[in-house]
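Visitor: In this note's numbering, the protein residues as written are 738 to 1065.
Ideal placement from N, C-alpha and C gives every residue a C-beta, glycine not left out.
Quantities reported herein were computed from a predicted structural model and do not represent experimental measurements.
Could you have a look at this structure, given as structure tokens, before my questions?
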Ligand code: PBG
């Protein structure tokens, strides 16, 4: 048989494969999420996310320093407050767990980029991402504009504490513009915004809600997070956030939404992040623990697929493992 075209020629050995490889995961692409409690010390394992912890303030600074030593450029902080109420008032206190963690990390590891999650779900006693009101149907729902005001206060507290990037994950309309305004009018023109722009109402956040102690106490998040069925709407959400001043836009979760990443990468010229979420982590961890999947190869393949789809920033609980694996 005569074949002039043989794609296998370039797959014969690792040298040829290395030469023709199109996508490479690097530690430079990674962001490590960290959960911080208000306690000064301690470390509490998160059962649904093996290998992940809720850290005390001293330990979170250690964990961040280890990330920087491993070459990871950024961490993303989530706060777990001691006190929750209907307004989520712990979220915007200047001495919140997140603000104190930002200070501790910046003092210890000034070169590390510190990103903070801006949302109310960890801080409200009802577990929703904003303030409640009664909507036109008479049902309890999240009040968009009142929530945006509170989120702006929270973002300002984080910026005052020294955050480099604030990352609103609430999905309220208009919050990027409002946060940009508040930052700029308070001397934080250099603080960037990473917008959770296309955040879908996903079952894959389940383990995170245990980690952050933030499950909604009634209903669900479908009146503010996006319908997983909608791709065009995701692009519209991203376009709105860019118009309002977002510096980085995000698609979340990552793996079921690679098509959205590809469309966003083709359509917009802005750094694109993907959040490899808790459920994606837990699934692989569970299969690996059973011996059904090789964790390292699985994670390398799935992070490669996220980059290939068009993201350049991957937020992943495997960041520390990946840093080690990529060094070998
Ligand atoms: C909300 C927030 C969530 C996640 C990040 N920010 C949870 C939610 O919307 O319910 C999920 C992250 C993950 O699952 O890893 N503050």
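Do residue 945 and residue 990 have their CB atoms nearer than 8 Å?
Guide: In the chain shown, the residue the question calls residue 945 occupies position 208. In the chain shown, the residue the question calls residue 990 occupies position 253. Contact flag unset, no.
Visitor: Within 10 Å of its beta-carbon, does residue 987 have 16 or more other beta-carbons around it, so buried, or fewer, so exposed?
Guide: Counting from 1 along the chain shown, the entry for residue 987 is found at position 250. Answer is buried; the Cβ neighbour count reaches 16.
Visitor: Using DSSP with H/G/I as helix, E/B as strand and the rest coil, what is residue 967?
Guide: Taking the chain shown and counting its residues from 1, the one referred to as residue 967 is at position 230. DSSP places residue 967 in coil when its eight states are reduced to three.
Visitor: Are there any heavy atoms of the ligand PBG lying less than 7 Å away from the beta-carbon of residue 1065, as far as the coordinates show?
Guide: Looking up residue 1065 in the chain shown gives position 328. Result no, Cβ not under 7 Å from the ligand PBG.
Visitor: Is it buried or exposed, residue 1029, if we count other Cβ atoms within 10 angstroms and call 16 or more buried?
Guide: Along the chain shown, read from residue 1 onward, the residue named residue 1029 stands at position 292. Counting Cβ neighbours within 10 Å, residue 1029 comes out exposed, since fewer than 16 surround it.
Visitor: Looking at residue 950 and the ligand HEM, is the gap between the Cβ and the nearest heavy atom below 7 Å?
Guide: No copy of the ligand HEM appears in this structure; the ligands present are the ligand PBG.
Visitor: Does the count of Cβ pairs from the stretch 755-770 and the stretch 804-819 closer than 8 Å reach three?
Guide: Verdict: yes, contact present.
Visitor: Give me the Cα-Cα distance between residue 801 and residue 838, rounded to the nearest whole angstrom.
Guide: As a first step, residue 801 must be located in the chain shown, where it is residue number 64. As a first step, residue 838 must be located in the chain shown, where it is residue number 101. The straight-line gap from Cα to Cα measures roughly 10 Å.
Visitor: Look at the alpha carbon of residue 1026 and the alpha carbon of residue 954, and state the distance between them as a whole number of angstroms.
Guide: By 1-based counting over the chain shown, the position of residue 1026 is 289. By 1-based counting over the chain shown, the position of residue 954 is 217. Going by the C-alpha atoms only, they are around 31 Å apart.
Visitor: So, helix, strand or coil for residue 784, using DSSP?
Guide: By 1-based counting over the chain shown, the position of residue 784 is 47. Looking at residue 784 - three-state DSSP - the assignment turns out to be coil, as it is neither helix nor strand.
Visitor: With DSSP collapsed to three states, give me the class of residue 1054.
Guide: By one-based count along the chain shown, residue 1054 stands at place 317. Coil.
Visitor: Which complete alpha helix (DSSP H) runs does the stretch 897-938 hold, if anything under 4 residues is left out?
Guide: Listed in chain order, they are 912-922.
Visitor: Taking the Cβ atom as the reference point for each residue, do residue 866 and residue 799 lie within a distance shorter than 8 Å?
Guide: Within the chain shown, the letter at position 129 stands for residue 866. Within the chain shown, the letter at position 62 stands for residue 799. Contact: no.
Visitor: How would the residue list near the ligand PBG read, in chain order, if you kept each one whose beta-carbon is closer than 5 Å to any heavy atom?
Guide: My final list is 856, 858, 906, 942, 945, 1014, 1015.
Visitor: State whether the stretch 873-890 contacts the stretch 912-928, with contact taken as three or more CB pairs (one from each stretch) at a distance under 8 Å.
Guide: At 8 Å Cβ cutoff, the stretches touch.
Visitor: Are the CB atoms of residue 750 and residue 1051 nearer to each other than 8 Å?
Guide: What you label residue 750 is simply residue 13 of the chain shown in a count that begins at 1. What you label residue 1051 is simply residue 314 of the chain shown in a count that begins at 1. No, the pair does not count as a contact, with Cβ atoms beyond the cut-off.
Visitor: Taking C-alpha atoms, which residue in 962, 1036, 977 lies nearest to residue 936?
Guide: Stepping through the chain shown from its first residue, residue 936 is reached at position 199. Here the closest residue by C-alpha is 962.
Visitor: Just list the residues that DSSP pairs residue 1009 with in beta bridges.
Guide: Along the chain shown, read from residue 1 onward, the residue named residue 1009 stands at position 272. Answer is 986, bridged to residue 1009.
Visitor: Pull the bridge partners of residue 771 from the DSSP assignment, please.
Guide: In the chain shown, the residue the question calls residue 771 occupies position 34. 814, per the DSSP bridge assignment.
Visitor: Buried or exposed for residue 1000, going by 16 or more other Cβ atoms inside 10 Å?
Guide: Within the chain shown, residue 1000 is the residue found at index 263, counting from 1. Buried is the call here.
Visitor: Taking C-beta to C-beta, are residue 971 and residue 957 nearer than 8 Å?
Guide: Numbered from 1 along the chain shown, position 234 holds the residue referred to as residue 971. Numbered from 1 along the chain shown, position 220 holds the residue referred to as residue 957. Their beta carbons are not under 8 Å apart, which means residue 971 does not touch residue 957 by this criterion.
Visitor: Assuming residue 788 contacts residue 840 (C-beta within less than 8 Å), just tell me the rounded distance between them.
Guide: Counting from one through the chain shown, the residue named residue 788 turns up at place 51. Counting from one through the chain shown, the residue named residue 840 turns up at place 103. Contact doesn't hold; Cβ gap of about 26 Å is too wide.
Visitor: Compute the distance between the beta-carbons of residue 1048 and residue 1010, then report whether it is under 8 Å.
Guide: Translated into positions along the chain shown, residue 1048 becomes position 311. Translated into positions along the chain shown, residue 1010 becomes position 273. In contact: residue 1048 and residue 1010 (Cβ atoms closer than 8 Å).
Visitor: Just curious, the beta strand (DSSP E) that residue 869 is in, first and last residue?
Guide: To locate residue 869, count along the chain shown from 1; it is residue 132. Unbroken beta strand (DSSP E) run through residue 869: 869-871.
Visitor: Thinking just about the alpha-carbon of each residue, which of 1043, 1018, 982, 948 is nearest to the one in residue 994?
Guide: Locating residue 994 in the chain shown gives position 257, counting from the first residue. Of 1043, 1018, 982, 948, the residue nearest in Cα terms is 1043.
Visitor: Give me the residue from 829, 1053, 850 with the minimum Cα distance to residue 930.
Guide: One-based indexing of the chain shown puts residue 930 at position 193. Nearest of 829, 1053, 850 to residue 930, Cα basis: 850.
Visitor: Tell me whether residue 911 is buried or exposed, calling it buried when 16 or more other Cβ atoms sit within 10 Å of its Cβ.
Guide: Translated into positions along the chain shown, residue 911 becomes position 174. Residue 911 is exposed by the Cβ-count criterion.
Visitor: Tell me which same chain residues have a C-beta within less than 7 Å of the C-beta of residue 853, skipping the five on either side of it?
Guide: As a first step, residue 853 is located in the chain shown; it is residue number 116 there, counting from the start. Closer than 7 Å at the Cβ level, and outside the excluded window around residue 853, lie 814, 835, 839, 895, 900, 903, 904.
Visitor: Between the beta-carbon of residue 1017 and the beta-carbon of residue 949, is there less than 8 Å?
Guide: Within the chain shown, residue 1017 is the residue found at index 280, counting from 1. Within the chain shown, residue 949 is the residue found at index 212, counting from 1. Not in contact: residue 1017 and residue 949 (Cβ atoms no closer than 8 Å).
Visitor: Mind checking which residues open and close the beta strand (DSSP E) that includes residue 790?
Guide: In the chain shown, counting from the first residue as 1, residue 790 sits at position 53. Start and end: 790-792.
Visitor: For residue 1012 and residue 803, what's the separation of their Cα atoms in angstroms?
Guide: As a working mapping, residue 1012 is identified with position 275 in the chain shown. As a working mapping, residue 803 is identified with position 66 in the chain shown. Each residue's Cα considered, the two are about 21 Å apart.
Visitor: Mind checking whether residue 1021 and residue 1038 have CB atoms under 8 Å apart?
Guide: The count along the chain shown starts at 1 and reaches residue 1021 at position 284. The count along the chain shown starts at 1 and reaches residue 1038 at position 301. No, the pair does not count as a contact, with Cβ atoms beyond the cut-off.
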